[in-house]
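Worksheet: one structure, shown below.
In the working numbering, the protein residues as written are -8 to 216.
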């Protein structure tokens, strides 16, 4: 890891302490695991190992203020644990579910959490549609999983009424939001906001699409008005 952030000239160790004040040791350990067995098992590309902090860890961590205190959060298609593990380490008050259908990835996540001894995270091996009607969350989040239209179709049904889908996106966020308008209407989505986080930490800043869930579609399916 660079000793000084190229964007802010702030020592990166100081940024890590600021973003992970209660679990600094654990986030360093997690990065070591990603760079070693994560790469060995193909969950992280070999090129990514050298840029884990700025491209992946800090990019996810700066989003943590989005979530209300003590929220339940589902990381949809968690993969190597980005952003779910990072959010759980940055925000110990959150209850995070890592939803991952593939065995090798869910196995990796289970092993990582055991090594980190983190209690506010669980791994669920399932697809999103398998949890609809069984679980609901204050927020569903995802990063680099699918275009927003598909992501909304998977994630909004898992949000409680008044909850939200928090999609970590890139520079095409506005275009994706426009393209997903039909899916959002189908799910009776509420307010859609595009926001930036962490401009003082990462460059470019992390772009997030926040979509409010009304819960109306789920209510109709259950026969309520």
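C-beta: ideal position from N, C-alpha, C; glycine also.
Nearest candidate by alpha-carbon position, reference residue i, set the options
| i | options | result |
| --- | --- | --- |
| residue 174 | 58, 204, 125, 126 | 204 |
| residue 42 | 96, 23, 32 | 23 |
| residue 180 | 134, 149, 160, 77 | 149 |
| residue 55 | 37, 36, 77 | 77 |
| residue 111 | 133, 61, 136, 146 | 61 |
| residue 237 | 49, 186, 101, 70 | Any question about residue 237 goes unanswered here, given that the chain covers just -8 to 216. |
Where the alpha helix (DSSP H) containing residue i begins and where it ends
| i | result |
| --- | --- |
| residue 35 | Taken as a continuous stretch (DSSP letters only), residue 35 belongs to no alpha helix (DSSP H), as it is neither H nor E. |
| residue 102 | 94 to 107 |
| residue 51 | 49 to 52 |
Residue j beta carbon less than 8 angstroms from that of residue i
| i | j | result |
| --- | --- | --- |
| residue 103 | residue 72 | yes |
| residue 128 | residue 80 | no |
| residue 126 | residue 83 | no |
| residue 113 | residue 138 | no |
| residue 68 | residue 136 | yes |
Rounded straight-line distance, which links the Cα of residue j to that of residue i
| i | j | result |
| --- | --- | --- |
| residue 193 | residue 45 | 6 angstroms |
| residue -2 | residue 20 | Interpretation of residue -2 is limited by its pLDDT of 49, a score under 50 that renders its predicted location unreliable; the figure taken from the coordinates is listed afterwards. Taking the straight line from one Cα to the other gives about 24 angstroms. |
| residue 211 | residue 106 | With a pLDDT of 40 at residue 211, under the threshold of 50, the modelled position of this residue cannot be trusted, and the question is left open. |
| residue 8 | residue 189 | 15 angstroms |
| residue 70 | residue 3 | 25 angstroms |
| residue 209 | residue 142 | Its pLDDT being 43, under 50, residue 209 is placed unreliably by the model, and the measurement read from it follows with that caveat. Spanning the two alpha carbons is a distance of roughly 17 angstroms. |
| residue 144 | residue 36 | 28 angstroms |
| residue 170 | residue 140 | 7 angstroms |
Endpoints, the beta strand (DSSP E) within which residue i is located
| i | result |
| --- | --- |
| residue 144 | No beta strand (DSSP E) holds residue 144; the alpha helix (DSSP H) holding it covers 139 to 146. |
| residue 169 | First-last for residue 169: 164 to 170, but that is the alpha helix (DSSP H), not the beta strand (DSSP E). |
| residue 6 | Careful: residue 6 lies outside any beta strand (DSSP E), inside the alpha helix (DSSP H) at 3 to 10. |
Does the segment 156 to 176 come within contact of the segment 88 to 106, defined as at least 3 CB pairs closer than 8 angstroms? Proximity of the segment 156 to 176 to the segment 88 to 106 falls short of the contact definition, fewer than three beta-carbon pairs being nearer than 8 angstroms.
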